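Undergrad: Let me give you the structure first, and then I'll get to my questions.
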Amino acid sequence: MDRRLWYIKNAALFSWLEEEELQDLAMSSEMTSCRRNTRLFFAEEPSDNIYLVKEGRIKLLRANEDGREMILDILGPGEIFGEMALVDEEFRSHSAEAVDDALVCIISREHFEGILQRHPEMTLRVLKLIGLRRRELEMRLEDLVFQPLAGRLALGLLWQAKRHGVTETDGEIRIPLTQTDLANLIGASREAVAEQLKEMRLLGLLKTSYRSIKLTDLEGLKKFFAKISIRTATI
């Protein structure tokens with residue numbers, strides 16, 4: 015089976031399409047590999063493609079007025095991005111960068127729109143995806159305004175553990191994320207994040223290492239978050 019077809023077939027958004035449609039989508043797509051820290055597109059560029067993550071992780075970034083970038087989301091295999099091109103985004107409102115060495119599938123906006131025209135029910139799936147991401151972003155913005163740093167950090171770690179964590183043989187959960195990316199994810203300085211991680215380490219909640227963080231007490235971290243949080247969260 016063509017690698018493009020296998021990846022597309024295993025993406026939740028496309029899995030229900032007929033085999034012929036899947037093959038057409040695979041044949042019209044382009045696979046590209048990108049090294050860690052490579053930008054796939056920049057803000058203000060034309061929105062002319064939709065992307066599917068096949069391997070590795072991709073972070074979506076938006077810069078503020080001072081030029082500092084905040085991470086909007088980190089996506090893994092099977093997830094799509096650039097979908098706003100299908101709605102009303104003529105130009106990109108954010109950038110996309112590879113967190114690790116990654117492999118992505120690029121589908122032209124024109125071809126994707128053709129699929130939506132043939133399968134109107136898929137439009138609803140795309141709209142649900144867009145709505146879900148907007149709700150998640152709104153909740154994160156609430157956290158940035160109201161949660162203390164420790165709460166934002168704990169929640170960020172728990173969320174990344176759920177989405178991208180790797181459970182190791184000793185039961186610890188490794189989150190492959192740098193402290194800089196973690197800081198940009200929760201809207202804090204790297205120095206402040208490093209200091210808070212140190213306190214969590216002293217509590218026995220985690221360990222830090224090069225380009226990753228290990229959660230040594232997941233339930234303890236959940237209790238820590240519940241104790242200091244201003245609101246509950248589904249994790």
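Note that this note's numbering has the sequence shown beginning at 15, numbered continuously upward.
Using N, Cα and C, we set each Cβ at its ideal position, and we do this for glycine too.
If you're wondering where the values come from, they're calculated on a predicted model, not measured in any experiment.
#1: Which partner residues does Val65 have in the DSSP bridge list?
#2: When the Cα of Asp38 is compared with those of Ile64, Phe126, Arg53 and Glu111, which residue comes out closest?
#3: In the DSSP output, which residue or residues are listed as bridge partners for Val180?
#4: Who does Ala77 pair with in a DSSP beta bridge?
#5: What are the boundary residues of the alpha helix (DSSP H) that Leu39 is part of?
#6: Is the beta carbon of Leu191 less than 9 Å from the beta carbon of Ile72?
#7: When you compare each of Leu66, Phe55 and Glu93 to Ser43 by their alpha carbons, which one comes out closest?
#8: In or out: Leu216 buried (at least 16 other Cβ within 10 Å) or exposed?
#9: Anyone know if the C-beta pair for Ala40 and Leu19 falls short of 9 Å?
#10: Which term fits Tyr224, buried or exposed, when burial requires 16 or more other beta carbons within 10 angstroms of its beta carbon?
#11: Could you check whether Ala25 and Gly92 sit closer than 9 Å to each other, using their CB atoms as the reference points?
#12: Looking only at C-alpha atoms, which of Asn63, Glu111 and Asp62 sits nearest to Met84?
#13: Pick from Glu79, Ser61 and Gln210: whose alpha carbon is nearest that of Val101?
#14: For the structure I just gave you, are there three or more beta carbon pairs, one from the region 207-214 and one from the region 153-169, closer than 8 Å?
#15: Relative to the C-alpha of Lys241, which candidate in Leu169, Gln193 and Ser226 has its C-alpha closest?
#16: Tell me the DSSP bridge mates of Ser47?
TA: Walking through what the data contain:
#1: Counting from one through the sequence shown, the residue named residue 65 turns up at place 51. Reading off the sequence shown, one finds Tyr at residue 65, where the question assumed Val. The partner list for Tyr65 (beta bridge, DSSP) reads Phe95 and Ile120.
#2: By 1-based counting over the sequence shown, the position of residue 38 is 24. The shortest Cα separation from Asp38 among Ile64, Phe126, Arg53 and Glu111 belongs to Phe126.
#3: Counting from one through the sequence shown, the residue named residue 180 turns up at place 166. Partner residues in the beta bridge of Val180, as assigned by DSSP, are Arg188.
#4: Within the sequence shown, residue 77 is the residue found at index 63, counting from 1. Paired residue(s): Glu83.
#5: Mapped onto the sequence shown, residue 39 falls at position 25. Element bounds for Leu39: Glu33 to Ser42.
#6: Looking up residue 191 in the sequence shown gives position 177. Looking up residue 72 in the sequence shown gives position 58. No. Outside cutoff.
#7: On the sequence shown, position 29 is the one that residue 43 refers to. For the residues Leu66, Phe55 and Glu93, the minimum Cα distance to Ser43 belongs to Leu66.
#8: Position 202 of the sequence shown, counting from 1, holds the residue named residue 216. Counting Cβ neighbours within 10 Å, Leu216 comes out exposed, since fewer than 16 surround it.
#9: Translated into positions along the sequence shown, residue 40 becomes position 26. Translated into positions along the sequence shown, residue 19 becomes position 5. In contact: Ala40 and Leu19 (Cβ atoms closer than 9 Å).
#10: Numbered from 1 along the sequence shown, position 210 holds the residue referred to as residue 224. Burial call: exposed.
#11: Residue 92 sits at position 78 when you count from the first residue of the sequence shown. Residue 25 sits at position 11 when you count from the first residue of the sequence shown. Closer than 9 Å, so yes.
#12: Residue mapping note: residue 84 aligns to position 70 of the sequence shown, counting from 1. Nearest to Met84 by C-alpha distance, out of Asn63, Glu111 and Asp62, is Glu111.
#13: Within the sequence shown, the letter at position 87 stands for residue 101. Of the candidates Glu79, Ser61 and Gln210, the one whose C-alpha sits nearest the C-alpha of Val101 is Ser61.
#14: Yes: at least three Cβ pairs fall under 8 Å.
#15: Walking along the sequence shown from the start, residue 241 turns up at place 227. Of Leu169, Gln193 and Ser226, the residue nearest in Cα terms is Leu169.
#16: Translated into positions along the sequence shown, residue 47 becomes position 33. In DSSP, Ser47 forms a bridge with Leu117.
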